[in-house]
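In the working numbering, the protein residues as written are -5 to 309.
Even for Gly, the Cβ is constructed at its ideal location relative to N, Cα and C.
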Ligand code: RIB
Ligand code: CA
């Protein structure tokens, strides 16, 4: 079985850490590099967390590049209240002996895509600042991308605001650039992100495992149980990685998408046009149409996602 070459763009954070564990341990995937972007926590903590989690996953050989430390336009607001001040739910991992490479994340991705003999897949799990900058400086890389899997956006309510999901709200302009770039995109939205969960008993069983990756996954999930004061904890970003592992377990739909940039109550909202045919001839006279096109994960088989997560992180 040949493995699929992927790059992960992360703002490690608790669930980015879960995604790194899943991607690094899954034999179906070959993690060619990880790029860091400011998001859940400032860039230096993202870099530190990413290096340390890859060490636990036995993937310290994977190149890690430091990326954009501020959104393109929006102010930084982070999500330490969810991920803890250190970004790993207060878990203090042994410091990896690895360091970041001496190339910026955008230069690294451009070089890797240019030198690759086959198209690559990028899994973007944080604000889209690195990806947007890549597309603006090196527009030709688009032809070298097989698929861009993005955790971001929401069809229904947001999480950061009533209408916007964190990754998009932290850098709406970057998301606008990416969604208007013609690259095959799979969007893992907030609406499905929240559904793949484990309860306290399952989390405690993970923590008690003698497998380091499973035990760390349990501790990360426990930090969510504690912080969010909920009975179950979700694997979040790891679900976007799982879409590559079990594509048969997701249901998708292709639809136009735009990002709201100016709404006082809606900035960062992902606006989808789910009308199967244009019902209104009025629209062109009163407002511009929803422009980009993206494939959206509308539903998933929760048990398949749960099982894939637990089975693969111990491989
Ligand atoms: O809104 C959830 C997303 O924002 C996740 O990727 C989480 O890690 C944060 O980046
Ligand atoms: Ca993330």
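Among the options, nearest to residue i - alpha-carbon criterion
i, options, result
"residue 99", "271, 224, 113, 29", "29"
"residue 35", "270, 71, 105", "71"
"residue 85", "277, 301, 201", "201"
"residue 27", "54, 12, 33", "54"
"residue 62", "47, 39, 48", "39"
"residue 113", "154, 0, 185, 184", "0"
"residue 107", "91, 90, 125", "125"
"residue 228", "66, 286, 196", "196"
"residue 215", "-2, 9, 81, -3", "9"
"residue 257", "155, 122, 239, 188", "155"
"residue 25", "7, 224, 13, 186", "13"
"residue 92", "79, 46, 104", "46"
"residue 170", "-3, 305, 17, 67", "67"
"residue 83", "136, 219, 194, 129", "219"
"residue 288", "3, 203, 281, 265", "265"
"residue 303", "275, 20, 2, 103", "20"
"residue 267", "285, 280, 255, 275", "285"
"residue 151", "80, 183, 309, 127", "183"
"residue 96", "130, 222, 60, 77", "60"
"residue 311", "255, 133, 293, 269", "Residue 311 is absent from the model: the chain starts at -5 and stops at 309."
"residue 212", "133, 79, 123, 192", "192"
"residue 263", "251, 7, 174", "251"
"residue 290", "309, 274, 187", "187"
"residue 253", "148, 33, 271", "148"
"residue 50", "77, 17, 274, 173", "17"
"residue 77", "217, 271, 204", "217"
"residue 221", "23, 58, 74, -3", "74"
"residue 37", "241, 79, 52, 56", "79"
"residue 123", "102, 33, 11", "33"
"residue 208", "101, 307, 22, 23", "307"
Residue burial classification, residue i (beta-carbon count within 10 angstroms, cutoff 16)
i, result
"residue 43", "buried"
"residue 88", "exposed"
"residue 225", "exposed"
"residue 109", "exposed"
"residue 159", "buried"
"residue 137", "exposed"
"residue 282", "exposed"
"residue 131", "exposed"
"residue 321", "Examination of residue 321 is not possible in this model, given that the chain is present from -5 through 309 alone."
"residue 309", "exposed"
"residue 69", "exposed"
"residue 364", "Any question about residue 364 goes unanswered here, given that the chain covers just -5 to 309."
Residue i beta carbon near ligand 3 (any heavy atom closer than 6 Å)
i, result
"residue 33", "This structure does not include ligand 3; its bound ligands are ligand 1 and ligand 2."
Coil, strand or helix - residue i by DSSP
i, result
"residue 305", "helix"
"residue 189", "coil"
"residue 230", "coil"
"residue 238", "helix"
"residue 280", "helix"
"residue 94", "coil"
"residue 293", "strand"
"residue 112", "coil"
"residue 122", "coil"
"residue 103", "helix"
"residue 138", "helix"
"residue 250", "strand"
"residue 85", "coil"
Residue i at chain C interface by Cβ criterion, 7 Å
i, result
"residue 195", "Checking the listed chains, one finds no chain C in this structure; it contains a single protein chain."
Counting beta carbon pairs with one atom in the region 223 to 241 and one in the region 163 to 178, are three or more of them shorter than 8 Å? no
What alpha helix (DSSP H) runs, 4 residues minimum, are completely inside the region 253 to 278? With a minimum length of 4 residues, no continuous alpha helix (DSSP H) run stays inside the region 253 to 278.
Start-end ranges of the alpha helix (DSSP H) lying completely within the region 1 to 72, minimum 4 residues: 8 to 19, 37 to 50
Quick check: the region 136 to 143 against the region 169 to 179, are at least 3 beta-carbon pairs closer than 8 Å? yes
Can you list the beta strand (DSSP E) stretches of 3 or more residues lying completely in the region 144 to 230, in chain order? 179 to 182, 191 to 193, 226 to 228
Tell me, please, whether the region 294 to 307 touches the region 257 to 268 by the rule of three or more beta-carbon pairs shorter than 8 Å. No: fewer than three Cβ pairs fall under 8 Å.
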